[in-house]
Amino acid sequence: MERIIEDQVTQLVRFVLARIPDAEPLQGEARRTATALRLAAIKQIGAVRYHRNAPPERAAETELHATASWNLLVALAEVWQDHPEFPTDAAVETFEFDCESPLRPR
Numbered sequence: 004m005e006r007i008i009e010d011q012v013t014q015l016v017r018f019v020l021a022r023i024p025d026a027e028p029l030q031g032e033a034r035r036t037a038t039a040l041r042l043a044a045i046k047q048i049g050a051v052r053y054h055r056n057a058p059p060e061r062a063a064e065t066e067l068h069a070t071a072s073w074n075l076l077v078a079l080a081e082v083w084q085d086h087p088e089f090p091t092d093a094a095v096e097t098f099e100f101d102c103e104s105p106l107r108p109r
């Protein structure tokens with residue numbers, strides 16, 4: 004997470020949240036989907052922000068969760084990869100996960 008700068012976090016967060024529709028005017032399944040996407044994104048953003056603002060002695064405890072959350076935000080953003088405002092410089096995965104041992108970086 005150290006190589007991800009605050010500007011990249013801000014760009015990716017803005018981009019992802021701007022792409023998720025407001026659930027209020029929607030109905031049925033579309034409303035539930037929009038609500039779930041926004042909730043998932045906000046939870047991931049919270050984990051990243053928490054890690055970035057954690058005291059140095061807590062950083063080791065929060066880094067894995069923040070890294071996974073960041074990678075999920077990147078994956079959400081990549082749904083709109085062909086969008087003209089896609090933040091290519093911000094949408095950088097922290098590392099790839101090994102399919103056999105997903106908790107260990109490659």
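Numbering (our numbering), first residue to last: 4 to 109.
Backbone N, C-alpha and C define an ideal beta-carbon position, used for all residues, glycine too.
Owing to the predicted nature of the structure, the values given are computational and were not obtained by experimental measurement.
Assuming residue i and residue j form a contact by the criterion Cβ under 8 Å, report the distance between their Cβ atoms to the nearest whole angstrom.
| i | j | result |
| --- | --- | --- |
| R3 | A26 | Only positions 4 to 109 of the chain appear in this structure, which leaves residue 3 out of reach. |
| A43 | H54 | Between H54 and A43 the Cβ distance is about 17 Å, and since that is not below 8 Å, they are no contact. |
| A57 | T65 | 5 Å |
Quick check on residue i: buried or exposed, where buried means 16 or more other Cβ atoms within 10 Å of its Cβ?
| i | result |
| --- | --- |
| P59 | exposed |
| L15 | buried |
| Q30 | exposed |
Taking Cβ positions, are residue i and residue j nearer each other than 8 Å?
| i | j | result |
| --- | --- | --- |
| W83 | R22 | yes |
| I7 | T97 | yes |
| A80 | A94 | yes |
| Q47 | L76 | yes |
| A39 | P24 | no |
| V12 | V51 | yes |
Using the three-state DSSP reduction, which class does residue i fall into: helix, strand or coil?
| i | result |
| --- | --- |
| R6 | coil |
| Q11 | helix |
| E32 | helix |
| A37 | helix |
| A21 | helix |
>> Give the list of continuous alpha helix (DSSP H) stretches no shorter than 4 residues that lie fully inside the segment 42-100.
In response: Secondary structure remark: continuous alpha helix (DSSP H) runs of at least 4 residues inside the segment 42-100, in chain order: 59-81.
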